[in-house]
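Written below as structure tokens is the structure these notes are about.
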Amino acid sequence: MHEKSCWSEAIGHFKLGPKLSPRDVSDFLECKADNVNPGHAVVEFFLFYERWRRGEIENCAAYTKSLKASCDPAGVFVHPSGAEKSLRGTIDELWKYHGDKKDKKFRVWIDQVLATETTHGTWIVKLDKWEQTGNERKCCTTTVKFTSKENEGFVWENVQQTWSEESEVKDDSTWII
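Written as structure tokens, this is what we have:
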């Protein structure tokens, strides 16, 4: 445990990233890291999503309001099936899935996260997003476009997902975002 504490202190001291692991955050509305990059924002969102679906986060309008505020009004989400929806509309849909995975083995994780600043203030984040319910795993390749303004954080502009070759998806109706 001491070793973990030393690593956290060093990360904070040298401003290499947040001192707290995203999985250790209990309230996403209160968590404001000093050195956040868009890759970290994606990690935080999908951890929130996992906890939301498991019913571990209070079903409160403040979360939806905060998430929608971080999305461009014209932002688009492309589901792995190819269907396009507004980002804000997708956030609105999350309400009906609150706690739908409660008491089930449900995990969400991402890997292969690569954040690239393409032009000043515009970022592309590429990653693999995994969901597991019971013994079934699904994976999609996700690309997120962000814009940033100094001291205002990141704005989600576009999210596009495609099924990975590892996923043998028979029913994509349970894949929300």
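First residue of the sequence shown: 1, per the UniProt record's numbering; consecutive thereafter. Just so it is clear, CB atoms sit at the ideal spot from N, CA and C, and this is done for glycine as well. Since the model is a prediction, treat every value here as computed from it, not as a measurement.
Exposed or buried, residue i, counting other C-beta atoms within 10 Å across all chains shown (16 or more means buried)?
i, result
"Cys71", "buried"
"Asn37", "buried"
"Leu114", "exposed"
"Gln112", "exposed"
"Trp95", "exposed"
"Cys60", "exposed"
"Gly99", "exposed"
"Asp80", "The amino acid at residue 80 is misidentified as Asp; the sequence shows Pro. With 16 or more other Cβ atoms within 10 Å, it is buried."
"Ser167", "buried"
"Ser173", "exposed"
"residue 181", "Only positions 1 to 177 of the chain appear in this structure, which leaves residue 181 out of reach."
"Thr90", "buried"
"Asp27", "Note that Asp27 scores a pLDDT of 48, beneath 50, so its modelled location is shaky; the value from the coordinates is reported in the next line. That one is exposed."
"Gly82", "exposed"
"Thr118", "exposed"
So the alpha helix (DSSP H) residue i belongs to, where does it begin and stop?
i, result
"Thr90", "87 to 93"
In terms of residues, what are the limits of the beta strand (DSSP E) holding residue i?
i, result
"Pro73", "71 to 78"
Could you tell me how far apart the beta carbons of residue i and residue j are, in whole angstroms, since I believe they sit closer than 8 angstroms?
i, j, result
"Lys145", "Asn135", "Actually they are not in contact, since the Cβ atoms of Lys145 and Asn135 sit about 34 angstroms apart, beyond 8 angstroms."
"Lys104", "Phe46", "Rounded, the Cβ-Cβ distance is 17 angstroms, inconsistent with contact."
"residue 179", "Val169", "Here the chain comprises residues numbered 1 to 177, so residue 179 is not present and cannot be evaluated."
"Leu127", "Thr142", "5 angstroms"
Please check if any C-beta of chain D sits within less than 7 angstroms of the C-beta of residue i.
i, result
"Lys104", "This model lacks chain D altogether, as it is built from one protein chain only."
Item to check | alpha helix (DSSP H) runs wholly inside the UniProt domain "Sucrose-phosphatase C-terminal" (38 to 165), at least 4 long, in chain order | outcome: Here the runs fully enclosed are 38 to 53, 61 to 69, 87 to 93.
Checklist entry - Just checking, does the stretch 115 to 124 make contact with the stretch 145 to 156 on the three C-beta pairs under 8 angstroms criterion? => result Here the stretch 115 to 124 lies against the stretch 145 to 156, with 3 or more beta-carbon pairs under 8 angstroms apart.
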